[in-house]
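> There's a structure below that I have some questions on.
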Amino acid sequence: MIRLIWLFILTNSFLLGGVLYAQPTVRANNEKTTVKSLPDLLTLKHGEPVNSPEVWERLKRPELLHLFKNEVYGMVPDGDPIPSSIEVIEESDAAFNNKAHRIQFALDFKKGHRNLRVHILLYLPKDVLNPPVFLGYNFYGNHTVVHDNNVLVSDSWVRINETLDVYNHKADQKSRGKRSYRWPVDKILQEGFGIATVYYGDIDPDRNDFTDGIHPFFYKEGQDEPGLNEWGSLTAWAWGLSRILDCLKGYEATADSKYILFGHSRLGKTVLWASALDQRFDMVIANNSGCGGAALFRRKNGETIQLINNRFPHWFSKSFKKYNDKETMLPLDQHMLIALNAPRPVYIASAIKDKWADPEGEYLSAYYASPVYELYNKRGLSDRNFPDVNKPIHQTIGYHVRSGKHDVTVYDWKQFMIFAKGHLND
Ligand code: GTR
Numbered sequence: 064m065i066r067l068i069w070l071f072i073l074t075n076s077f078l079l080g081g082v083l084y085a086q087p088t089v090r091a092n093n094e095k096t097t098v099k100s101l102p103d104l105l106t107l108k109h110g111e112p113v114n115s116p117e118v119w120e121r122l123k124r125p126e127l128l129h130l131f132k133n134e135v136y137g138m139v140p141d142g143d144p145i146p147s148s149i150e151v152i153e154e155s156d157a158a159f160n161n162k163a164h165r166i167q168f169a170l171d172f173k174k175g176h177r178n179l180r181v182h183i184l185l186y187l188p189k190d191v192l193n194p195p196v197f198l199g200y201n202f203y204g205n206h207t208v209v210h211d212n213n214v215l216v217s218d219s220w221v222r223i224n225e226t227l228d229v230y231n232h233k234a235d236q237k238s239r240g241k242r243s244y245r246w247p248v249d250k251i252l253q254e255g256f257g258i259a260t261v262y263y264g265d266i267d268p269d270r271n272d273f274t275d276g277i278h279p280f281f282y283k284e285g286q287d288e289p290g291l292n293e294w295g296s297l298t299a300w301a302w303g304l305s306r307i308l309d310c311l312k313g314y315e316a317t318a319d320s321k322y323i324l325f326g327h328s329r330l331g332k333t334v335l336w337a338s339a340l341d342q343r344f345d346m347v348i349a350n351n352s353g354c355g356g357a358a359l360f361r362r363k364n365g366e367t368i369q370l371i372n373n374r375f376p377h378w379f380s381k382s383f384k385k386y387n388d389k390e391t392m393l394p395l396d397q398h399m400l401i402a403l404n405a406p407r408p409v410y411i412a413s414a415i416k417d418k419w420a421d422p423e424g425e426y427l428s429a430y431y432a433s434p435v436y437e438l439y440n441k442r443g444l445s446d447r448n449f450p451d452v453n454k455p456i457h458q459t460i461g462y463h464v465r466s467g468k469h470d471v472t473v474y475d476w477k478q479f480m481i482f483a484k485g486h487l488n489d
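Heads up, the sequence shown is in the numbering used here, so the first residue is 64 and it goes up one at a time.
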């Protein structure tokens, strides 16, 4: 079959390997994409059926985790745990006009002369014991998420973004609150949730450089970059979320909280992988996560394996590069990543203008993950047809495609909170 050339990058607002990362625009796809050849979730590699939660958990789940680690994201190298310490470095019970507690932790990793400091910002509503907590990374520093002058500013390397006042790769006071429209913290607290956020670059700066961030802490003598099937940045960020969870679970006020992982875009990819790896996360929400997140690789709609590996060579393992333009050779696809979250509630959110992330591919992935949820008698998505815009579906797998572009909006958060309230006790 002749593949029509359909992808056309129209934008001039991104630079290869550069500092701008706007979503390239995608011209409509004329090819009828097929997902006929999706690898089967309910068959083991030697052909036996997966017909119970027990077989899924004992055999299929480990089989898939092994594949994702070896072929896609890369694995965390074995070795002794990295010594770390955790300390409350600032707190107040007068945040948000006395309505909330603010706690800031410093999580420090140490090895030889190396020290990596990760700031965790946590807000908790007053008078709610162990509230459910949304946990998500932010892109430009904790101080960008809220208008709160007490939030500490990270020293880590930051991507340049002049509209957010980030110059010279340094976080700056001037960016305070500039991303607050994506984080309706006040509303989240009012609804009885806590919220924890961390700048993702504290764990690993988002650039093709493996001498910084957490990776070097794991190197063997003489090593200066991850091996073939070792971790890229996405796995590093996922690993970091588990360390942040260790910390929050060790803190009295959140020790028994439920945790809802939330991530947008590359951080949406991160959270799906993080909660596949760590089943202590109670729920996961991936917003506009696209290629390497919820979207099916085999559709090759919008961003493809080759495009993502070329623009972001550090995100995945080196072994993933062999699938550039060879999607059908992959022994897995992203419905399997979503299924690794079963039976926990998972929410996939798309935006209709976010063609780069392939909204329909994100939906179909969730749809094809559903048989694993059904093994547990949970409801996934039952309709193969793409839903209407702004018509959320809230089964144990939740989904919406909203109007508008690649972003996080008030509409999205409204759905996330309704979903969390309705499904945390599934
Ligand atoms: C884009 C990238 C996407 C998505 C996005 C983001 O440029 O192609 O995969 O991750 O960046 O994270 O903002």
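Even glycine gets a Cβ: it sits at the ideal position worked out from N, Cα and C.
Shortest alpha-carbon distance to residue 425 belongs to which of 370, 186, 440, 362?
Comparing Cα-Cα distances from residue 425 to each of 370, 186, 440, 362, the minimum goes to 362.
> Taking the DSSP output, what are the residues bridged to residue 158?
Paired residue(s): 163.
> Enumerate in chain order the residues of its own chain whose CB-to-CB distance from residue 449 is below 7 Å, with the five nearest sequence positions on each side excluded.
Within the same chain, residue 449 has close Cβ partners 423, 426.
> Specify the secondary structure class of residue 487 as computed by DSSP and reduced to three states.
DSSP places residue 487 in coil when its eight states are reduced to three.
> Just grab the DSSP bridge partners of residue 463 for me.
According to DSSP, which records beta bridges pairwise, residue 463 is partnered with 412.
> Can you grab the Cα-Cα spacing for the pair residue 458 / residue 194, in whole Å?
When rounded, the distance between both Cα atoms is 22 Å.
> Alpha carbon to alpha carbon, how far is residue 244 from residue 224?
Going by the C-alpha atoms only, they are around 17 Å apart.
> May I ask which residues mark the beginning and end of the beta strand (DSSP E) holding residue 199?
Unbroken beta strand (DSSP E) run through residue 199: 196 to 201.
> On the premise that residue 314 lies in contact with residue 196, defined as a C-beta separation below 8 Å, what is that separation, rounded to the nearest angstrom?
Going by Cβ atoms, the distance from residue 196 to residue 314 rounds to 10 Å, so no, they are not a contact pair.
> From residue 282 to residue 334, what does the alpha carbon distance come to, in whole angstroms?
Approximately 25 Å, taken between the alpha carbons.
> So which of 277, 251, 470 has the shortest CA-CA distance to residue 219?
Comparing Cα positions, the closest option is 277.
> Given residue 249, which residues of its chain have a CB within under 7 Å of its CB, disregarding the five upstream and five downstream residues?
So the qualifying residues of the chain are 159.
> Rounded to the nearest angstrom, what separates residue 131 and residue 137 at their Cα positions?
Those two C-alpha atoms are separated by around 7 Å.
> Helix or strand or just coil, what does DSSP make of residue 472?
It is coil, neither helix nor strand.
> Is it right to say residue 274 is buried, meaning 16 or more other beta carbons lie within 10 angstroms of its own, or is it exposed?
With fewer than 16 other Cβ atoms within 10 Å, it is exposed.
> What separation, rounded to the nearest whole angstrom, lies between the Cα atoms of residue 407 and residue 439?
If I take the Cα positions, the gap works out to 10 Å.
> Buried or exposed: which applies to residue 226, given that a residue is buried once 16 or more other Cβ atoms fall within 10 Å of its Cβ?
Exposed: under 16 other Cβ atoms inside 10 Å.
> Nearer than 7 Å: is that true of the beta carbon of residue 328 relative to any heavy atom of ligand 1?
Indeed, a heavy atom of ligand 1 lies less than 7 Å from the Cβ.
> When you compare only the Cα positions, how much space is there between residue 123 and residue 397?
Roughly 15 Å between the two C-alpha positions.
> Express the C-alpha separation of residue 205 and residue 155 in angstroms, rounding to a whole number.
Distance between the alpha carbons of residue 155 and residue 205 is about 16 Å.
> Could you tell me if residue 392 is buried or exposed, where buried requires 16 or more neighbouring beta carbons within 10 angstroms of its beta carbon?
Burial call: exposed.
> Using DSSP with H/G/I as helix, E/B as strand and the rest coil, what is residue 109?
Correct three-state label for residue 109: coil.
> List, from N- to C-terminal side, the alpha helix (DSSP H) runs of 4 residues or more that fit wholly inside the segment 313 to 383.
You should have 329 to 340, 368 to 374.
> Let's see if you can read the secondary structure: which residues bound the beta strand (DSSP E) around residue 430?
From DSSP, residue 430 is part of no beta strand (DSSP E) but of the alpha helix (DSSP H) over 422 to 438.
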